[in-house]
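Using the numbering used here, read the sequence shown as starting at 114 and increasing by one per residue.
All C-beta atoms, glycine included, are put in the ideal place defined by N, C-alpha and C.
This structure is a prediction, so every number in the text was calculated from the model and none was measured.
What follows is a set of notes on a single structure, which appears directly below.
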Amino acid sequence: MTRFKLSSTIATLLPAMTIGVLVAAPAPARAEGPVPALVGAWSGNGKIRLEGGKTENIKCRAYYTSKSGGSGLSLAIRCASASSSKIEMRASLEFSGSKASGNWEERTYNATGDVAGSAADGKLQLAISGGVSGSMQVTYGGTSHSVTITTNGSALQGVNINLSRG
C-alpha cells in the first residue's frame, strides 16, 4: 500500500513540476534594434530632390524582412513621381548590439556601396559609401516611420518619405 501512495503522489506532483519548469524557463531571446519594428510592408509619400534643386512629389512602397534569426534586415524601397523620376533602393544590414553594417544598391542610378552606422532610440543612422556617398536616417516607432536620404556625387540629391503600415 505504501508503494501505491508513493506512485500516486508522484503522479499528482509530476504535472505541477512540469508546469513549474515551463513557467520558469527563460523566454526566447527577442531581437533588439529596428528589426521587429520595421518588418513588413509600408507605403507612403514624400519628395525627391534632384540635381539643380528640382523637387518632385513621390509615392513609395517599402518592404522590410528579417534575416539571420532577427539580427539582420533586408529592405527594398521603391518610389516614383508622376513624371519619370524613380528610385529603387535595396540594402542588407546586420546588427551587432547597436552597430549596423552591410551593403546597399540603388538600381535606377546604378550605384552600390557599403553601409555602416547605429540603431538606437527609434533611429537608424547610416553612412553610405561607394559610387555615391551620403547618409540615410530611418526614424521608426508604432505604425509609421520616416526615411531621409542625402547623397553627394549623384543626380539624386535626396529623398524624404513618410511611411505607414499597409
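Simplified DSSP assignment, three categories, for residue i
i	result
A195	coil
T277	Checking the displayed sequence, the identity of residue 277 turns out to be Ser instead of Thr. S277 falls in the strand class under three-state DSSP.
G182	helix
G210	coil
Exposed unless 16 or more other CB atoms sit within 10 angstroms - verdict on residue i
i	result
T256	exposed
G165	exposed
A268	exposed
G210	exposed
G230	buried
A232	buried
P147	buried
G266	exposed
G157	buried
Where the alpha helix (DSSP H) containing residue i begins and where it ends
i	result
V148	V148 to L151
Beta-carbon separation (whole angstroms), residue i vs residue j, contact threshold 8 angstroms
i	j	result
T263	G247	5 angstroms
E207	S181	6 angstroms
S196	E169	6 angstroms
I171	G159	5 angstroms
K199	T221	5 angstroms
R203	A193	About 16 angstroms; that fails the 8 angstroms criterion.
L84	A175	Examination of residue 84 is not possible in this model, given that the chain is present from 114 through 279 alone.
Where the beta strand (DSSP E) containing residue i begins and where it ends
i	result
G254	S246 to G254
T263	S257 to N265
K236	K236 to G243
A268	That residue, A268, is in no beta strand (DSSP E); it is neither H nor E in DSSP.
T225	A224 to A233
Heavy atom of the ligand NAD within 7 angstroms of residue i beta-carbon
i	result
S205	In the structure on display, the ligand NAD does not appear, and there are no ligands present to speak of.
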